[in-house]
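This report concerns only the one structure given below.
Residue numbers (the working numbering), protein chains in the order written: chain E, 1 to 680; chain B, 681 to 1360.
Here it is in structure tokens:
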């Protein structure tokens, strides 16, 4: 027991290293596969180069932001340094570490994902379904393992460097949040600017099919899939992952759970075991020819979940004291809280699937509403998105209620840790999506046999569902993580209460509630402006490059990638300033209680808007696919035209504004937590 | 002084009677005008009969609801009667009075408004602009005077019947809320079902112009304008009006403002003086030929506002003690709080105008986005709606902050009273809109000279702006009223704090925040379903009535009115159940604190969604009008088609779901306030 107590950070770091080693194995497994013929390699290289170019440019802006933020921390640290509970300037160290770990995870994941696409197509051509699934999933799993591996390794090191100083370690979470801001917001703008540009000029104006190599924006579009669903989603869940663990540790310490700090080490142990469970789960992702890839992915997730629950039981039983906090709670209660989080995460995913999959009533009704035109389709989609907020909110409330009932505030943080314990395989399944999507694109562009496209299409179709479920999971985990961080904030602020009967708190609630609306409007408009740059450029290339439409000349792919990148990075300045400046301003001017109101207001409307926008977008997308599947007149019908309009409205909803809100609510909370000494 | 102290309810009732007498004068002024030729009288009678038929049917359902609710109050009253602070069964008496007064106000207002339309058209024909404005505004002012007259008279009587028992008088507000639920939600569904039905089959399918008498839904559509903007808006502001006064009285009593109950009588005096100020203001609404009607309406509003401020100063100075609550606040502070409310109301109206009028940048940008199609128009409109939440929220927060800083919790309720003191003229200006709109329709249907239509069009154009401003004012006043009622609720519940650090409160916040989303989805879908009934019926009449298109046979207007009525009343059952049942359920199961969380969550997201939906809808509407004015290709262009789609999406946003949220947040709060003894 003593051994475990003293070496928990080491165990965490060890599990992190294990995940990274497994990522190396997976990477080798992917790169060992032949990437196919010359044309395929060429396309793959274009996507890979484009993705790396995007990341490179992003790092430059990110570096300015991170260094600036570190300087602010150090400056504030020395400025308020005289006070006992002041902001410790050393917080800048874990901050830089957190940012670096998240950047590294994203870089490794993107590097392999953009190499796995052509190899997936080639595996489909040479060996069939199972091998193709294996390559695509392994590519995704590299991202998953990098996220949890670098997350827990970095956190373990940070805790070892600053033992017993959770306020300093909080910096790690802020670093992760800063990278997530760039990954999700910048990435979200990038991916949709490229997508809209490619679709509007290529498909609509020039009349060439999706993924046609003559389209100058086609590479940017394929890069965008990776930027959004690999790097963006990865950085989002990296943030939630470390945020939930850090808040559980902070609450374990401030509430003094267990006489020997058992409450502090349990989150680390749960996360460490979650990595093992995720690794074991990956081995269950396998399928036969013509079988359903969804089942294979589900099998992996379920195995990981069950293993995680079993391990959680053992850890709670044998590490935690039987009762704590004057006997109010038991170690079984902590186990229940953790399972409540896991179940909530799974349920939210299932509810998301119900509202966004073409197999169920909501999407079918939206498709039917397309028969009376675009307006009814838009209204129907928005109404579905709004309706779809109800069940996830009830699930989240039940999760919070159960966790709190059985283990108090600590239980809420543990529920977040529980939900995120299987992050490794969740990210793997999610990142698998863009890889198969890209594989399909490469098969199309390289003119591979129809049978290959059939396999990649069946892999991609599953990817659409997993993407929607992943978004639901990301929102749910963001909500629980933000709430856990919020609890840590209230403890750190030392306020007695954040009382809604106090009008200052009400003002905070109103302003906080408004921020996700304003933030969403900004990101949505940003997509519009960026896309218009892209449209202009694609039109120019079609006009000025002779032989482009005939296929005798090559378009300038790199320039389109560059335009998306520049636009995305410029457009994210204002939303980023909003997310960073408003909580600091409110905290300094109106105080810690009003800031608490602001955080909870933003949490509530943020979660609601994120669910509404993600689900409406997903539902429109699949209503269009449902019509394309031959319903309501199929492709080319008036209903289809209405459905395409709905899908275009939904694009920034589900891929830019919705997911960006996750970052907003977490980032504002962690900023408040780190800078709380300034507000007292 | 003693005289004022003892007779404040009588003074209030007296001012109410004054307003009603003035309404009689105005009614006579309207009915004295000739309604025009036989055709005009016929159409007017159809609209009038349709409107009265709608009200009649509504009353039957409303009666069931009100009697049921009264029975619940009495039953709960006797059930919890044993306890000291139990729900008093006598609360049912003011409840019934409040419902009756609101119904009466709506009935009188609708009765005159549907008689003023043809008379406005005839006045435009015979005497020109100023007389037409005079008739239309007088018609609207009958509604305005009925609202404030019956509101204050009823309240004065209720207070006289139950002196010193604010918990019983609260029932009056609940009665008003119940009627508002039917007026706003049922009315909102009615008006848009008729509008969409008339537009989609008449204008689009049959290709006949707006307001064409061959369209079977044209009368229902004209009835709908009155149902929405006269009865609906009237019942909404009636609810805010009495709710704000009641909460100020309740807080004045529970906080013991002034040794002799001065805090209790000041709200009544402010409201009474506001009636006088509104009456005087109406005399300033006059214009010359070819002049701008907007300026005339503004003049009336400004005069009332300035008079109201002056009177408020005198009342606060001479009735309130110089300092109160241990010298923490002054009577000047109360005056400032009241003015803060008035200024906030005016500013929110101006901000609404900025975001929804074709004269400013936002609407012009939306119009420009129509050039790239429906999808970009929809995105642009939603982004504008979301952006437009920021400034009103800041204004509301400044209002709350100032009111609280200068006069505490009591100040917040006084701010609401101040904002609503000029309700008489605000409702008059708002109800003027549908009367001029109807006048234009009658001029069109009766084939009057083009010059008449020009006058009515210029009156109607102003009506669009006043409608948007009125909506902004309604939301702002709903927010302040709900907040004031919420303060009264927390006092009545006697909870020490509603602490966001308590996860039960967080659960309340989440559920409350979700309700406006679910409620909006329900009302939006209800419009879709009701409209489809209407569409089927209009198509049937075109198909089955021979000679209809040729103008030789008359359509069955009454049947269309009937279909809208039935659909609206059926469709409002579920949203009504939600609004009534959820707060009761949460209060009973999770307790008074969680219910407090629910109310504030609903308040925050409700206000935000209402602003977003109303402004997006208004902006889309005016973007279409802007294009029809000859920009971006004008009528018949692709941009115009995109704009029409946006306007159709915006219709349920701005006329059904958005305004209905006002009722949701007020109704849930007043239910909680009345039934609070059950939750303790």
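The beta-carbon is built from N, C-alpha and C at its ideal position, and this holds for glycine as well.
Taking 8 Å as the CB-CB cut-off, is residue 1181(B) touching chain E?
yes
What number of angstroms, rounded off, separates the C-alpha of residue 159(E) from the C-alpha of residue 268(E)?
10 Å
Are residue 958(B) and residue 1105(B) closer than 8 Å when you measure CB to CB?
yes
Note down the Cα distance separating residue 762(B) from residue 753(B), rounded to an integer number of angstroms.
Low confidence applies to residue 762(B): its pLDDT is 48, below 50, so where it sits in the model is not reliable, and the reading given next is rough at best. Whole-angstrom Cα-Cα distance: 15 Å.
Compute the distance between the beta-carbons of residue 809(B) and residue 731(B), then report whether it is under 8 Å.
no
Could you tell me the alpha carbon to alpha carbon distance between residue 1323(B) and residue 1039(B), rounded to whole angstroms?
17 Å
Quick one: which unbroken alpha helix (DSSP H) runs of 4-plus residues sit fully inside the stretch 1084 to 1152 of chain B? Chain order, please.
1103 to 1125
Count the CB pairs spanning the stretch 476 to 488 of chain E and the stretch 589 to 609 of chain E that are closer than 8 Å, and state whether there are at least three.
yes
Hey, how far is the Cα of residue 274(E) from the Cα of residue 304(E)?
8 Å
So residue 393(E) packs on residue 1190(B), CB below 8 Å; how close in whole Å?
The C-beta separation of residue 393(E) from residue 1190(B) comes to about 5 Å, placing the pair in contact by the 8 Å criterion.
Please list the partners that residue 374(E) has in chain B, where partner means a Cβ-to-Cβ separation under 7 Å.
In chain order: 1054, 1325.
Going by DSSP, what residue range makes up the alpha helix (DSSP H) through residue 668(E)?
658 to 675
If the cut is a Cβ gap below 8 Å, which residues of chain D does residue 612(E) touch?
You won't find chain D in this structure, because its protein chains are E and B.
What residues in the stretch 1137 to 1165 of chain B have a beta carbon less than 9 Å from any beta carbon of chain E?
1159, 1163
So if DSSP puts residue 330(E) in a beta bridge, which residue, or which two residues, is it bridged to?
Paired residue(s): 323(E).
Secondary structure at residue 731(E), three-state DSSP: helix, strand or coil?
In the structure displayed, chain E extends from 1 to 680; residue 731(E) sits before or after that span and is not available.
Which first and last residues belong to the alpha helix (DSSP H) in which residue 192(E) is found?
187 to 197
Just to confirm my understanding: we take residue 818(B), look at its own chain, exclude 5 residues before and 5 after, and list those with CB closer than 6 Å. What are they?
706, 709, 710
Does residue 378(E) come within less than 8 Å of chain B when only Cβ atoms are used?
yes
Kindly list, in the order they appear in chain B, the residues whose Cβ is closer than 7 Å to that of residue 510(E).
1073, 1076, 1077, 1284
Is the CB of residue 1200(B) under 8 Å away from at least one CB in chain E?
yes
Shortest alpha-carbon distance to residue 1060(B) belongs to which of 712(B), 1292(B), 701(B)?
1292(B)
Checking 8 Å against the spacing of the C-beta atoms, do residue 585(E) and residue 76(E) come in under that value?
no
Look up residue 82(E) in the DSSP assignment and say whether it is helix, strand or coil.
The predicted model places residue 82(E) with a pLDDT of 48, which falls under 50 and marks its position as unreliable; any figure quoted below should be read in that light. In this structure, residue 82(E) counts as coil in the three-state DSSP scheme.
Please confirm whether residue 320(E) and residue 334(E) have their CB atoms less than 8 Å apart.
yes
Run through DSSP, which three-state label would residue 298(E) get?
helix
Mapping DSSP to helix, strand and coil, what is residue 1331(B)?
helix
Flag residue 1063(B) as yes if its beta-carbon sits less than 8 Å from any beta-carbon of chain E, otherwise no.
yes
Output, in chain order, the set of chain B residues within a Cβ distance shorter than 8 Å of residue 608(E).
1193, 1194, 1197, 1285
Pick out whichever of 150(E), 314(E), 115(E) has its Cα sitting closest to the Cα of residue 14(E).
The residue with the shortest Cα to Cα distance from residue 14(E) is 150(E).
Would you say residue 1084(B) reaches chain E, if we count a Cβ-Cβ gap shorter than 8 Å as a contact?
yes
Of all the residues that make up the stretch 411 to 435 of chain E, which are near chain B by a beta-carbon distance shorter than 7 Å?
Those residues of the stretch 411 to 435 of chain E placed with their C-beta closer than 7 Å to a C-beta in chain B are 412, ordered along the chain.
Pairing CB atoms from the stretch 555 to 572 of chain E with CB atoms from the stretch 648 to 656 of chain E, are three or more of them under 8 Å?
no
When the cut-off is 8 Å and only beta carbons count, does residue 1336(B) lie next to chain E?
no
Counting contacts by CB-CB distance shorter than 8 Å, is residue 871(B) in contact with chain E?
It does not: the Cβ of residue 871(B) has no partner Cβ on chain E nearer than 8 Å.
Going by other Cβ atoms of all chains shown within 10 Å of its Cβ, with 16 needed for buried, is residue 714(B) buried or exposed?
exposed
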